[in-house]
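Residue numbers (my numbering): 4 to 231. Every residue, glycine too, gets a C-beta built ideally from N, C-alpha and C.
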């Protein structure tokens, strides 16, 4: 099994050899570390804390800066894709004169070193809506709402407070996952209509709702749409 020991075990074994004059064999057995690795570190051929394998393309400080940059991009709503990150790393390596190309192997190693990053399918969100998810915006909104309720004497009168919102509904909604036989062509017929209608709803905390307003995407109103 690869590296079953810890750096604490290795440093303890090194102190035993250097300070207490233990043999490398005895220290390796006592602290359960590889004898050859312990010998390399005691002799100075390998520096303490070094890891096996090829050296990382980026220095630790450079990789930390990259991680902070990616986190900042995601925080402000402009997260980077894997392809964009590889291009960015390639530019850094080119600027340093390194003739290497970061591959999927580098990406997987980067993710192991930074498990806080994951690949996800983002939900599309406009800039205005994204800014509205800021906790400070939430707090400021409810503070203003409380001031308005007090100003107009609406405290304890939920029947006089209404909330209005709109929602778009496609006339040809997205199809859910369906069951097909293996090898069969997965197709589902639809109308091909890309239009949608907008529903405006208005309700109070008491549960009373005003009749909804339906907005159709058309320039002229068909009389049949007003029936019922």
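Segment limits, alpha helix (DSSP H) that includes residue i
i           : result
residue 112 : 107–116
residue 12  : 10–21
residue 42  : 38–46
residue 149 : 138–154
residue 29  : 27–34
Three-state secondary structure (DSSP) of residue i
i           : result
residue 190 : coil
residue 62  : coil
residue 98  : helix
residue 201 : strand
residue 4   : Low local confidence applies: a pLDDT of 47 at residue 4 is under 50, so the model's placement there is unreliable, with the coordinate-based value given in what follows. Of the three classes helix, strand and coil, the one that applies to residue 4 here is coil, per DSSP.
residue 74  : helix
residue 218 : strand
residue 195 : coil
residue 168 : strand
residue 206 : strand
residue 173 : strand
Distance between beta carbons of residue j and residue i, contact taken as under 8 Å
i           : j           : result
residue 41  : residue 27  : 6 Å
residue 121 : residue 105 : About 19 Å; that fails the 8 Å criterion.
residue 174 : residue 199 : 6 Å
residue 71  : residue 110 : The pair is not a contact, with the Cβ atoms about 18 Å apart (cut-off 8 Å).
residue 158 : residue 152 : 6 Å
residue 60  : residue 103 : 6 Å
Among the options, the one whose alpha carbon lies nearest that of residue i
i           : options               : result
residue 24  : 49, 151, 7 and 45     : 45
residue 89  : 158, 80 and 69        : 69
residue 202 : 213, 83 and 190       : 213
residue 217 : 207, 180, 63 and 169  : 169
residue 124 : 47, 83 and 211        : 83
residue 197 : 108, 220 and 211      : 220
residue 208 : 161, 148 and 227      : 161
residue 62  : 47, 176, 113 and 177  : 113
residue 126 : 81, 225, 186 and 205  : 81
residue 195 : 118, 180, 211 and 176 : 176
residue 204 : 118, 156 and 171      : 171
Quiz item: Does the count of Cβ pairs from the stretch 5–21 and the stretch 31–47 closer than 8 Å reach three?
Solution: yes
Exercise. Please determine if the stretch 70–86 and the stretch 96–103 are in contact, where contact requires at least 3 C-beta pairs separated by less than 8 Å.
Key: They do not touch, by the three-pair rule.
Quiz item: Does the stretch 153–168 come within contact of the stretch 135–145, defined as at least 3 CB pairs closer than 8 Å?
Solution: no
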